[in-house]
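Reading through the structure tokens given below for one structure.
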Amino acid sequence: MARILDRRGADRTQIMANWKPTVGSRFRALIKGTAYGESVRFKDRWRAFAVWPPNVFALASILLEDSGGYRIAVSPHDGRTWPPDDPNGDWSDRVCAVAEAWRQSVGRGDVPPRVLELGARLAAKRNLPLKELTAPEHWDCCAAVLELLAIADEACIGVGIPSRNHSTQFPIRAEMRLGRYGTLARLSPNVVRVLPKLRTSQAGISVGSLSHHVTAQRSEVRPIWHLAEGLCDPRSMRVNLLVVPWPYVVEANAFREAPSRLRNMDPAKFGFFDFKPAEALNIKQLGNVIDEARRRCEVVDGVVLPEGAIEAHEIDAVQKCLEDRAVPMLVAGVRGDNANYAHLALFYEKKWRLSDQHKHHRWSLDGNQIRQYHLGSSLHPERRWWENIAVRQRELNFVTANGWLTTCHLICEDLARQEPVADLVRAVGPNLVIALLLDGPQLSGRWPARYASVLADDPGSSVLTVTSLGMSLRSWDAQHPRSRVVALWKDARRGLQEISLEREHQALLLTIAAHWTQEWTADGRSDNTSAAELVLSGVEQIAEPQAAVETAGSRSPTQAPAPRSAPPGHRSSRASRRRA
-12 MARILDRRGA DRTQIMANWK PTVGSRFRAL IKGTAYGESV RFKDRWRAFA
38 VWPPNVFALA SILLEDSGGY RIAVSPHDGR TWPPDDPNGD WSDRVCAVAE
88 AWRQSVGRGD VPPRVLELGA RLAAKRNLPL KELTAPEHWD CCAAVLELLA
138 IADEACIGVG IPSRNHSTQF PIRAEMRLGR YGTLARLSPN VVRVLPKLRT
188 SQAGISVGSL SHHVTAQRSE VRPIWHLAEG LCDPRSMRVN LLVVPWPYVV
238 EANAFREAPS RLRNMDPAKF GFFDFKPAEA LNIKQLGNVI DEARRRCEVV
288 DGVVLPEGAI EAHEIDAVQK CLEDRAVPML VAGVRGDNAN YAHLALFYEK
338 KWRLSDQHKH HRWSLDGNQI RQYHLGSSLH PERRWWENIA VRQRELNFVT
388 ANGWLTTCHL ICEDLARQEP VADLVRAVGP NLVIALLLDG PQLSGRWPAR
438 YASVLADDPG SSVLTVTSLG MSLRSWDAQH PRSRVVALWK DARRGLQEIS
488 LEREHQALLL TIAAHWTQEW TADGRSDNTS AAELVLSGVE QIAEPQAAVE
538 TAGSRSPTQA PAPRSAPPGH RSSRASRRRA
């Protein structure tokens, strides 16, 4: 074993070998480098630390997750009950009362006596190894951590949700911090982030089962939180999204071999490809289609374009088209040199807010998929082809419009690959996940449906997957005819719904309705029916008005030419798709 020496040359090898994480060491790791670490005594550190509820939530969550203590809430020791008996009344009511007092005291720098009392229990057990926290003899300490998490969670109710009337300064200050640093806690985001939470899983047990309003995350994925009040009318309880499955035609030569910069790949077996369809998005047609959609429903809240639909130089024109028609949101797949990203544009307070989220995983095309999409004239089926994009910092955008609508978006492989983004999606529980795909038809038996079902089950998010018509039509053989199913909807109430684009139409107008539902934490607290489920309540086929087509002198672009020949072998599932 290599020797470990401290700065004075003393041998610390045996000490480090016997080191075990403790309650106190986790606390010290959180406050390292912050003003909270300046005090010598635990008691003084705790008082300063506990002024801010998200700090306490972060510590309690880490202690329970790392020790497994969260399971005590559903499986207490013999002779114990949870919630514990409370001589002063209902435990949940007391938790809420302490939480409200905490919210009120933040501006004064005070801490409720109950929070100080529970902190004193932790101080007394600061040398307790985490693995012993769940032992029966340390019940008081574990119960204190569980109660601290519950109180801190209730203190954060409504934080990160616009259009709620805040009666204290705490939520306002917390939301400012969320927008600036991507966390509610006054702790280093490199150590832990505390984020708003929308859905609580009603199945299984984890530390996430214990909170309604916030979640603590230690992930490499950087969350970006957008408070977009006014994005849609919160009183309507519905949102209208226009799905434009562009490009309508994808030729085989849109996939082109690209030079490799990796020396560790055998060029006889592996290669890289770019996706470069020839035709640019028709902005005039897009405007006409939006106009027709607005004629049907008056308000279009957002436009969705699939993965790789446009190039970066087209973004300004698309945004101008939307702005002229009072459409406040764009989620569009953008392709570029060494890049594949989702462009998010939000128009509120008279200006666009922009954020680009790069794809986390490369698409890999094997021989089966090359035959499935009829790409043999461009890519040799005996080689594995990787998407020619850089793998950049992992980020995930959340958009909160009101209490019933929080969205996030993923790009193709990021839906299928569970790491590292899936844990963050499940922890936050957005009401709607939009997946931008460069994929075949969105049939209920294919891979997008399976992964959408996972998120619909836990945490209860509704999922919309969208691909281009051109890619959907490229996937066929003698046993599987061409399909115009360009979108798939999945929610926990009604299950899977395939959505086709009819001939001579250019877009789909989806109306999504919200319904309030009641959820419970594993420690027995109700959210008072404040969680929202989204269901697909309407689908309309949108065609560019014929008068506009005749004026432009164009034909409908939705009639794709048939591939010249059907290749041998077809795989209707993309389950074998591999990513780097």
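Last residue of the sequence shown: number 567 in our numbering, and the count goes up by one each step with no gaps. Here a beta-carbon is modelled for each residue, glycine too, at the ideal position from N, C-alpha and C.
Rounded distance between the beta-carbons of residue j and residue i, thought under 8 Å
{"i": "PHE257", "j": "ARG370", "result": "6 Å"}
{"i": "LEU182", "j": "THR155", "result": "Their Cβ separation, rounded to whole angstroms, is 20 Å, which puts LEU182 and THR155 out of contact at 8 Å."}
{"i": "VAL194", "j": "VAL453", "result": "In fact, because the Cβ distance is near 33 Å, the residues do not count as touching under 8 Å."}
{"i": "GLY169", "j": "ARG180", "result": "6 Å"}
{"i": "LEU197", "j": "ALA60", "result": "6 Å"}
{"i": "LEU451", "j": "ALA474", "result": "7 Å"}
{"i": "LEU17", "j": "VAL178", "result": "6 Å"}
{"i": "TRP372", "j": "LEU366", "result": "5 Å"}
Residue environment, residue i, which counts as buried when at least 16 other CB atoms sit within 10 Å
{"i": "ASP478", "result": "buried"}
{"i": "HIS159", "result": "A small correction: the amino acid at residue 159 is Ile; His does not occupy that position in the sequence shown. By the 10 Å Cβ count, ILE159 comes out exposed."}
{"i": "LEU120", "result": "buried"}
{"i": "VAL38", "result": "buried"}
{"i": "GLN546", "result": "Annotation note: pLDDT 45 at GLN546 (below 50); position unreliable, coordinate value reported separately. Label assigned to GLN546: exposed."}
{"i": "LYS112", "result": "buried"}
{"i": "LYS7", "result": "exposed"}
{"i": "GLN204", "result": "buried"}
{"i": "THR393", "result": "buried"}
{"i": "PRO417", "result": "buried"}
{"i": "SER364", "result": "exposed"}
{"i": "THR68", "result": "exposed"}
{"i": "GLN533", "result": "exposed"}
{"i": "PRO100", "result": "exposed"}
{"i": "GLN272", "result": "buried"}
{"i": "ASN375", "result": "buried"}
{"i": "ASN275", "result": "buried"}
{"i": "LYS30", "result": "exposed"}
{"i": "LYS307", "result": "exposed"}
{"i": "PRO293", "result": "buried"}
{"i": "ASN327", "result": "buried"}
{"i": "ARG512", "result": "buried"}
{"i": "SER48", "result": "buried"}
{"i": "GLY447", "result": "buried"}
{"i": "LYS338", "result": "exposed"}
CA nearest to the CA of residue i, picked from the options
{"i": "VAL378", "options": "THR9, ASP324, LEU362 and SER462", "result": "ASP324"}
{"i": "ALA107", "options": "GLY94, CYS128 and LEU430", "result": "CYS128"}
{"i": "THR596", "options": "PRO99, ASN227 and VAL146", "result": "Outside the displayed range of the chain (-12 to 567) lies residue 596, so it cannot be described from this structure."}
{"i": "VAL287", "options": "SER513, LYS30 and VAL231", "result": "VAL231"}
{"i": "LEU341", "options": "ILE302, LEU352 and HIS361", "result": "ILE302"}
{"i": "TRP434", "options": "LEU402, LEU456, GLY416 and LEU411", "result": "LEU402"}
{"i": "PRO221", "options": "ALA530, VAL43, SER524 and ALA519", "result": "ALA519"}
{"i": "GLN484", "options": "ILE270, LEU523 and LEU109", "result": "LEU523"}
{"i": "ALA45", "options": "HIS64, HIS330 and PHE14", "result": "PHE14"}
{"i": "GLY20", "options": "SER223, PHE36 and SER198", "result": "PHE36"}
{"i": "LEU109", "options": "VAL314, LEU135 and VAL61", "result": "LEU135"}
{"i": "GLU141", "options": "VAL98, ARG81, PRO149 and LEU103", "result": "ARG81"}
{"i": "ALA131", "options": "SER455, TRP78 and GLN306", "result": "TRP78"}
{"i": "ALA299", "options": "PRO407, ASP343, PRO40 and ASP31", "result": "ASP343"}
{"i": "GLU124", "options": "SER92, ASP65 and HIS153", "result": "ASP65"}
{"i": "ARG225", "options": "MET458, HIS502 and VAL10", "result": "HIS502"}
{"i": "LEU430", "options": "TRP463, VAL208 and LYS307", "result": "TRP463"}
{"i": "GLY457", "options": "GLU266, ILE49 and GLY274", "result": "GLU266"}
{"i": "PRO116", "options": "ARG95, ARG90 and THR9", "result": "THR9"}
{"i": "ASP278", "options": "PHE259, PHE260, LEU229 and PRO234", "result": "LEU229"}
Heavy atom of the ligand MG within 7 Å of residue i beta-carbon
{"i": "HIS300", "result": "This structure does not include the ligand MG; it has no bound ligands of any sort."}
Test: residue i CB closer than 8 Å to a CB of chain D
{"i": "ALA422", "result": "Among the chains in the structure shown there is no chain D, since it carries only a single protein chain."}
* Please list the segments of the beta strand (DSSP E) lying wholly inside the stretch 349 to 422, counting only runs of 3 or more residues, in order along the chain. => 350 to 352, 371 to 374, 382 to 389 and 392 to 398
### Message
With a threshold of 8 Å, are at least 3 pairs of Cβ atoms found where one atom belongs to the stretch 418 to 427 and the other to the stretch 245 to 257?
### Response
no
Review point. Are the stretch 43 to 63 and the stretch 109 to 127 in contact at 8 Å, needing three or more beta carbon pairs?
Key: yes
Problem - Cβ contact check for the stretch 208 to 221 and the stretch 377 to 393: 3 or more pairs under 8 Å - result: yes
- Spell out a yes or no on whether the stretch 502 to 519 and the stretch 461 to 470 are touching, meaning 3 or more CB-CB pairs, one atom from each, closer than 8 Å. no
Considering only residues of the stretch 165 to 226, which uninterrupted alpha helix (DSSP H) runs meet the minimum length of 4 residues and lie entirely inside it, listed in chain order? none
- prompt: Can we say the stretch 185 to 192 touches the stretch 359 to 370, given the rule of at least three CB pairs closer than 8 Å?
  reply: no
**Asked** Can at least three beta-carbon pairs, one atom from the stretch 439 to 446 and one from the stretch 488 to 498, be found at a separation below 8 Å?
**Response** Counting Cβ pairs under 8 Å, fewer than three are found: no touch.
- request: Jot down the residue ranges of each uninterrupted beta strand (DSSP E) in the stretch 288 to 348, minimum 3 residues, whole runs only, in chain order.
  value: 289 to 298, 316 to 323, 326 to 335 and 338 to 345
**Item:** Inside the stretch 433 to 481 only - beta strand (DSSP E) runs reaching at least 3 residues
**Value:** 449 to 453 and 472 to 478
Alpha helix (DSSP H) segments (min. 4 residues) lying fully within the stretch 29 to 62:
29 to 36 and 40 to 54
### Message
Quick check for students: name the residue ranges of the alpha helix (DSSP H) that lie wholly in the stretch 85 to 120, counting only runs of 4 or more.
### Response
100 to 111
Worksheet entry | Validate contact between the stretch 308 to 318 and the stretch 328 to 335 using beta carbons, cut 8 Å, 3 pairs | yes
- Task: Would you mind listing the beta strand (DSSP E) stretches within the stretch 478 to 502 that are 3+ residues and don't spill past its ends, in chain order?
- Result: 482 to 487
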